[in-house]
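Reviewing the structure listed below.
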Amino acid sequence: MPFLIVTFALYHYNSIFMSVVASIKQAAAAAVQALYQQPFTAADVSVNTTKPEFEGEYTIVVFPFTKFSRQKPEETGHALGAWLAENHPDLVAGFNVVKGFLNLTVHDQFWTAFVQDAHHNVHVGQQPANGKKVMVEYSSPNTNKPLHLGHLRNNFLGFSVSEILKANGNEVIKANLVNDRGIHICKSMLAWQLFAHGDTPASTGVKGDHLVGDYYVHFESILRDQAEPIISRVLEGNFKDFEGEQLERITKLHTALHKPEVQADTEKSGKIKDEIKELSRNRTEIMQQAKIMLQQWEAGNPEVRALWQTMNSWVYEGFEKTYKRLGIDFDKMYFESNTYLLGKDVVEEGLRKGVFFKKADNSVWIDLTADGLDEKLVLRGDGTSVYITQDIGTARLKYDDYQMDQSIYVVADEQNYHFKVLKLIMQKLGEPSADGISHLSYGMVELPHGRMKSREGTVVDADDLVEEMVSTAAKYTEELGKVKDFSEEELRDLYETIGLGAMKFFLLKVDPKKKMVFNPEESIDIHGFTGPFIQYSHARIRSILREFSAEDLSSLAAYRHTGSLLPMEKELIKINEQFGEVLAEAGRELSPSVIANYAFLLAQTFNSFYAKKESGKYIYSVRDAESEDKRKLRLQIASLTANTIRQSMKFLGIRVPERM
RNA sequence: GGACCGGUAGCUCAGCUGGAUAGAGCAGCUGCCUUCUAAGCAGCAGGUCAUUGGUUCGAAUCCAAUCCGGUUCACCA
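Next up, the structure:
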């Protein structure tokens with residue numbers, strides 16, 4: 004019979020302990036093997052938390068066992084419960100069976116041992132190193148404009164997932180692939196050249212990324228002005244702005260637009276109009292100039308390169324400030340100006356291997372129709388790269404740099420198709436990095452009135468938003484007046500902690516794959532399922548602990564409660580004990596929202612514990628506990644809860660204050 | 001049209017590897033500050049889990065079909 008490792012000795016914070024749920028599962032699997040000689044593993048056992056109306060903490064569903072027990076569910080439950088109570092008396096103190104559910108009462112000693120060892124353990128719930136290396140690429144901004152709301156979800160997700168993976172024992176490399184070249188930055192450069200009269204961040208006092216972004220906006224407005232007459236000419240049937248292939252295309256579009264079936268279909272006609280717009284924009288003088296500038300950049304024109312260097316450096320200075328304020332960091336920066344030519348050699352190899360094929364115009368393709376996708380271009384006829392070519396090359400570069408087991412791309416769900424294709428191509432090429440590629444796809448952040456559109460000026464700027472969140476936090480805090488003795492510096496730090504906490508929590512509490520609506524009023528809320536609620540709960544616990552001396556608190560490490568536990572004492576310890584499982588699940592699912600939900604439950608449970616009143620008395624009072632033993636136990640529980648809240652928020656990238 | 005994602009309370013979301021009477025927060029309504037921090041707590045009210053069918057001891061959860069919303073299917077990045 005396989006013996007089980009469920010002893011108190013395991014509860015030492017530098018050793019790996021098994022969670023209660025895992026222990027129960029393993030014990031139950033052993034029970035089934037012993038009682039019914041069935042090969043049953045822990046993973047096959049379904050364990051739930053016991054509903055409050057029944058006695059016990061965890062419940063084993065026994066229906067699956069009745070197949071081979073050949074007994075009624077009740078009888079099977081009793082047999083299983085009796086076996087567990089006899090063979091694991093340390094774990095199972097008692098049981099009852101209701102229909103097909105075996106409710107187990109975990110031995111109080113299990114809980115008290117956990118509190119003793121975990122209450123001051125800053126590594127609670129974490130896993131030791133597992134030897135796996137994971138790269139998380141996130142943020143990946145363009146250098147022509149400042150970060151916006153969409154980037155915030157990306158940044159917080161990427162950072163949080165990285166921290167969660169670290170806590171699960173992985174070595175994590177946080178990477179940022181900056182899109183620092185291309186037509187977009189040339190637009191900013193050109194507009195700056197034409198209109199800035201030499202203005203710099205230093206001369207204007209404008210943050211670098213915003214200054215560059217302002218000229219991008221300037222470019223776009225001029226482009227709009229120049230494109231308008233061309234568009235109207237086209238709509239009137241005057242194509243004098245076009246020649247060659249473009250003329251052919253625009254003529255076709257114009258004809259199509261006037262077909263009655265297209266006129267009736269607003270979606271179709273809208274698409275055609277969009278294409279006409281796009282073609283017209285390309286014919287404007289300013290766009291032509293920008294394109295020339297891009298060619299000069301590619302040819303290495305020293306003046307263009309110098310301007311590019313300068314303006315990018317302004318942007319990086321701005322980004323640096325924003326990242327720092329957000330509490331976001333990276334281990335490795337990649338720049339597209341270094342990677343945009345990569346991938347062509349891989350395509351050559353693929354061509355030789357027969358993974359790709361050439362068309363008559365010399366363009367290179369891959370046929371993915373067998374995989375339910377389309378044919379996909381990987382190299383243009385003139386030998387230049389497309390988006391995916393770069394990504395193929397960059398994937399190889401990253402792997403050459405780090406040989407990681409997994410490479411996670413934090414990118415919005417618009418690009419699901421792209422990453423599916425990328426992984427497939429890498430697999431067909433037999434690249435060692437292929438199987439580790441995964442796309443952490445997240446839904447777009449929308450505003451109450453719809454999607455953000457930069458051309459319509461509905462983009463929410465990240466810096467502005469942070470500023471607004473922080474000042475709102477300041478306003479609330481001042482109204483409550485609880486920290487009047489704080490210094491200027493302490494106050495500023497507190498406002499940052501709360502404002503950013505509210506924003507990060509708001510963006511992380513929802514399942515990443517769901518698109519979300521960003522409602523400014525709700526995101527600033529501090530009540531209910533919010534960051535500040537959890538921060539407040541932490542501050543309150545710290546305030547309780549502050550009543551006790553350092554000696555009092557340090558003596559807790561040697562204390563183990565031996566009496567029985569009251570219901571909410573047990574409940575709180577139980578929830579704290581689940582943190583390890585929660586952290587593991589968040590790692591498996593790459594989902595910070597799992598932790599956000601957990602942290603809220605924990606804070607909420609503590610608040611109930613704190614406020615529980617019977618006949619006018621606070622029955623879980625720490626200070627006025629009914630005995631010295633209970634006082635110590637509750638100090639441990641309070642300390643444990645503050646610790647778990649702090650840790651869980653840390654994995655979301657959110658700080659918790661001592662007072663607020 | 002194909003592929004992928006979503007549809008759970010008035011609103012925003014948990015729950016989805018099948019388990020007991022579907023949970024939170026917000027908004028609405030009641031109470032509770034001579035309290036270890038009321039940014040809190042306790043309670044009331046609010047549901048055809050998009051629809052239909054199937055699988056089984058058991059379905060919000062799995063399967064199929066349908067309906068609605070989104071994204072995508074560029075020699076843009």
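This note's numbering applies: residue 4 is where the first sequence begins, and numbers increase by one. For each residue, glycine too, the CB sits at the ideal point set by N, CA and C.
One thing to note: L87 has its Cβ within 8 Å of the Cβ of A34. Around the Cβ of V125, a 10 Å sphere holds fewer than 16 other Cβ atoms; the residue is exposed. Shown here, E239 sits in coil according to DSSP, grouped into three states, outside any helix or strand.
Residue state for H442 is assigned as strand, using DSSP reduced to three classes. Under DSSP, I640 shares a beta bridge with no residue. N522 and E231 have their alpha carbons spaced roughly 34 Å apart. Under the 8 Å Cβ criterion, the stretch 530-549 counts as touching the stretch 637-644, having at least three qualifying pairs.
Taking C-beta atoms as the reference points, E140 and Y412 count as a pair closer than 8 Å. For K485, the three-state secondary structure derived from DSSP is coil.
Judged by DSSP in its simplified three-state form, T62 adopts strand. In the pairwise beta carbon analysis, the stretch 107-126 is classified as touching the stretch 563-577: at least three pairs are separated by under 8 Å. Annotation for T325: the continuous alpha helix (DSSP H) segment containing it runs P305 to L329. Restricting attention to alpha helix (DSSP H) runs no shorter than 4 residues, the stretch 102-172 encloses them at 111-121 and 152-170, ordered along the chain. Nearest Cα to K169 within the set G656, K615 and S624: G656. Look at the beta carbons and you see the stretch 573-581 touching the stretch 601-608: at least three pairs across the two are nearer than 8 Å. Look at Q409 here: in three-state DSSP terms it is strand. DSSP, read as helix, strand or coil, puts V513 in coil. Counted as a single uninterrupted DSSP element, the beta strand (DSSP E) harbouring L180 occupies residues E174 to V181.
Of the other Cβ atoms in all chains shown, 16 or more fall within 10 Å of the Cβ of R658; this residue is therefore buried. Per DSSP, reduced to three states, the secondary structure at K70 is helical. Per DSSP, T372 lies in no alpha helix (DSSP H) and is assigned neither H nor E. In this structure K516 is in contact with Y445, their Cβ atoms being roughly 6 Å apart against a cut-off of 8 Å. Each residue's CA atom was taken as its position, placing P660 and S22 some 29 Å apart.
By the C-beta criterion, the stretch 462-479 is judged to be in contact with the stretch 487-502, since at least 3 inter-stretch pairs fall below 8 Å. Collapsing the DSSP output to three states places M571 in a helix.
Between R399 and V349 the beta-carbon gap is near 6 Å, inside 8 Å, which marks them as a contact.
Nearest neighbour of Q418 by Cα position, chosen from L443, K431, Q406 and I428, turns out to be L443. Closest by C-alpha distance to I253, out of D268, V265 and R236, is R236.
N522 carries a coil assignment under DSSP once its states are collapsed to helix, strand and coil. Secondary structure note for M336: its beta strand (DSSP E) is the uninterrupted segment K335 to F338.
K54 carries a coil assignment under DSSP once its states are collapsed to helix, strand and coil.
As a beta-bridge residue in DSSP terms, Y621 pairs with K616.
Take the alpha-carbon of G321 and the one of G211: they are about 5 Å apart.
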